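Working notes, structure below.
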Amino acid sequence: MTTSTDATDRAVISELDAARRDFRDELLSAGLLFATGVEGLYGRGADFERVIDSIDARVLSEGRAAHGTAPKTLRFPPVFPRESFEKTDYIASFPNLTGAIRTFDGGNKEHRALLADREAGRDWDSHLESAGTMLVSAACHPSYSTLTGTLPEGGELLDIYGYCFRHEPAIDPARMQAFRMHEYVRVGDPQSAVEHRESWIPRGLQVLEDLGLDATPVIANDPFFGRAGKMLAANQRDENLKTELVVRLYGDLDDGTAVVSCNCHQDHFGETFDIRTADGEVAHSACVGFGMERIALAMFRTHGIDITRWPEHVRSELVA
Ligand SMILES: [Zn+2]
-1 MTTSTDATDR AVISELDAAR RDFRDELLSA GLLFATGVEG LYGRGADFER
49 VIDSIDARVL SEGRAAHGTA PKTLRFPPVF PRESFEKTDY IASFPNLTGA
99 IRTFDGGNKE HRALLADREA GRDWDSHLES AGTMLVSAAC HPSYSTLTGT
149 LPEGGELLDI YGYCFRHEPA IDPARMQAFR MHEYVRVGDP QSAVEHRESW
199 IPRGLQVLED LGLDATPVIA NDPFFGRAGK MLAANQRDEN LKTELVVRLY
249 GDLDDGTAVV SCNCHQDHFG ETFDIRTADG EVAHSACVGF GMERIALAMF
299 RTHGIDITRW PEHVRSELVA
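Sequential numbering of the sequence shown, starting at -1, is according to this note's numbering.
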C-alpha cells in the first residue's frame, strides 16, 4: 500500500536528485570539474583549484591564530600501509567505503591467464594480489603510526593535508570518492583533545562565514556499517564526540552537507597505535577536518559558478 507520505518522499527525492544532477552538470559545463566516467571521480579545473587554494590559505591563517605553537606539518601520499589501516579499525566500521590496492604478483603462466580473461572480455582483477597498502580513509589516519611511543610534554599538534578515498559513487558532486581534507590533529591528554575539538567549532564557523557561507553546527555520527554500527553511531552521538558544520546546498530538500567535521576519538587511536602521554597515560586524540572540495562546492553553489561575479568580500579571500 502506498501512503501519501511515501509519494511525497519520493517526489522530494527525485527533486533532490534533479537538483544534484543540475549542479553537477553546471560544474562540468563551466570546466570547474571534468567527468571521468565514474560517478564521484572528477578532474579539477584551474578556477576550482584556485578556490581550493584560497580556502586553504584561510584554513592555514585560522590555524596560525588558533595554536600557540606551530603545528608539525605532515603530508602523506594517498596510499598507506595496511598495517596502519588495520589499527584504525576502519574495516570494522566502514567496510563499504574502503579501498584496497592490489597488484600483479605472478609469473608468466599467471600473466597468460590474466590476459586470456582480458581477451575474453572477462574481469581480470581476480588475478591481482594485495599490495599490502590501502587508500587513505581519513587524512589523519596515516599520522598515528608516526606517534607510536611516548609523546613530548604537552602532546603533539599536527597539520595534515591530503586526499581521502570513500567508495560511495553518487550523482551529488558533494559526495566525491576522492577528495582532500585539511586537518589539525591534537594528540595528548584527554582535556587537550576535548578542548581542541570544542575550540574548532566556532573557529570553523568563522572560516566558513568569511568565505560567505551560512553554516550550522550539528551533533552528528559517522555512517557506521551494519547492525553493530547502529550502536557505535548512537554512542558517538550520546557522548557528543562529533560535530559537523553543515551548509545547505539544496535548500530544504535534504538536511544539508557537512563541510567541516570536529571529532574526538577519545583513547581509540592512542590504544591501537600505542601512543602514550609524557606521564605514561594512553593518549587521547581529536581532529578538525576541512572538506576542501565540499567547501569549494558550497561556495560555487552559494555565490554562483562564475568567480568573477562573486561578491567583493568573498573575492577578496581569493588567492592570485
Ligand atoms: Zn581526522
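Ideal Cβ placement from N, Cα and C applies to all residues, glycine included.
Just so we're clear, the structure is a prediction, and the values are computed from it rather than from any experiment.
Within 8 Å, strictly: CB atoms of residue i and residue j
i    : j    : result
F163 : V134 : yes
I158 : E181 : yes
Y297 : G210 : Note that residue 297 is Met in the sequence shown, not Tyr. Contact: yes.
C262 : L243 : no
A172 : A218 : no
M290 : M174 : no
F288 : S91  : no
D170 : H282 : no
L95  : H139 : no
E315 : R116 : no
E127 : D103 : yes
P79  : G130 : yes
V258 : L295 : no
V280 : D265 : yes
V245 : D212 : yes
For residue i: DSSP bridge partner residues
i    : result
L243 : P215, V258
P79  : T131
A231 : Answer is none; A231 lacks a bridge partner.
R313 : Per DSSP, none; premise fails for R313.
L156 : K70, V183
L31  : R42
S283 : V185, Q264
I53  : Answer is none; I53 lacks a bridge partner.
Alpha carbon of residue i to alpha carbon of residue j, nearest angstrom
i    : j    : result
I303 : V312 : 13 Å
K228 : D220 : 10 Å
T0   : T300 : With a pLDDT of 48 at T0, under the threshold of 50, the modelled position of that residue is not reliable, and no figure is offered here.
R18  : I11  : 10 Å
T214 : D253 : 11 Å
D121 : L112 : 9 Å
Y142 : E154 : 11 Å
R341 : V36  : Because the chain here runs from -1 to 318, residue 341 falls outside it and cannot be looked at.
T275 : V185 : 9 Å
D51  : A318 : 9 Å
F271 : P200 : 30 Å
L156 : F46  : 26 Å
I89  : T306 : 44 Å
H65  : A284 : 14 Å
I293 : A44  : 16 Å
K70  : L145 : 12 Å
T101 : T6   : 47 Å
N233 : L58  : 32 Å
T241 : S124 : 40 Å
I273 : P150 : 11 Å
P309 : D250 : 24 Å
E260 : G119 : Looking at the sequence provided, one finds Cys at residue 260 rather than Glu. Cα-Cα distance, rounded: 46 Å.
T67  : A9   : 52 Å
Residue i (DSSP reduced to helix, strand or coil)
i    : result
A318 : coil
Y142 : helix
G224 : helix
A114 : helix
G289 : strand
Y88  : helix
R100 : strand
I273 : strand
G147 : strand
Residue i CB to nearest heavy atom of ligand 3 below 7 Å
i    : result
E181 : Absence of ligand 3 is noted for the structure shown, with ligand 1 being the only ligands found.
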